[in-house]
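*Asks:* Just dropping this structure here.
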C-alpha cells in the first residue's frame, strides 16, 4: 500500500534538490493514486474476511493489502482458520467462483460441488 506521507516527503526532497522534473512525475502519480482511491469501488477492504473452498472445507482469510495497478486490483490475504491455499490472494473476478464474501455462500457452493461429485460418480 502506498504511504502518501512518505511519497510527499520524497516529492519535497526532490524539489529541494532541484530535481523538479522527477518531483512532478511523482506528484502526478500521487494525484492518480488519490483519484483512483476515491473513484474505485472496491469489493472489500483491508481487514474484511473472505472465504475459500479448500478441499472439503471452507477456509477463512483476512484481506491484508489491496494492490492497485493500472489494469485492476489484487487483494492479498492471510489465513485466519482452515487450510492454507498456496496463493497470496485473489482478483475480483475470483469472487463467486473460488472466493466468497460470506461463509454461507461458500458453504452453499461447497454443498453444490459435493452433490455434483456424487451425481458424476454414480454415472461412471
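Residue numbers (the working numbering): 334 to 457. Backbone N, C-alpha and C define an ideal beta-carbon position, used for all residues, glycine too. Every value quoted in this text rests on a predicted model; they were computed, and no experiment measured them.
(1) Could you give the C-beta distance for residue 386 and residue 442, rounded to a whole number, given that I count them as a contact under 8 Å?
(2) Which residue from 420, 424, 395, 399 puts its Cα closest to that of residue 413?
(3) Following the continuous beta strand (DSSP E) through residue 442, name the residue where it begins and the one where it ends.
(4) Locate the beta strand (DSSP E) running through residue 407, then write down its first and last residues.
(5) What's the gap between the Cα of residue 361 and the Cα of residue 374?
(6) Give the range of the beta strand (DSSP E) segment to which residue 401 is assigned.
*Replies:* Straight from the coordinates:
(1) 6 Å
(2) 395
(3) From DSSP, residue 442 is part of no beta strand (DSSP E) but of the alpha helix (DSSP H) over 436-456.
(4) 405-414
(5) 22 Å
(6) 390-402
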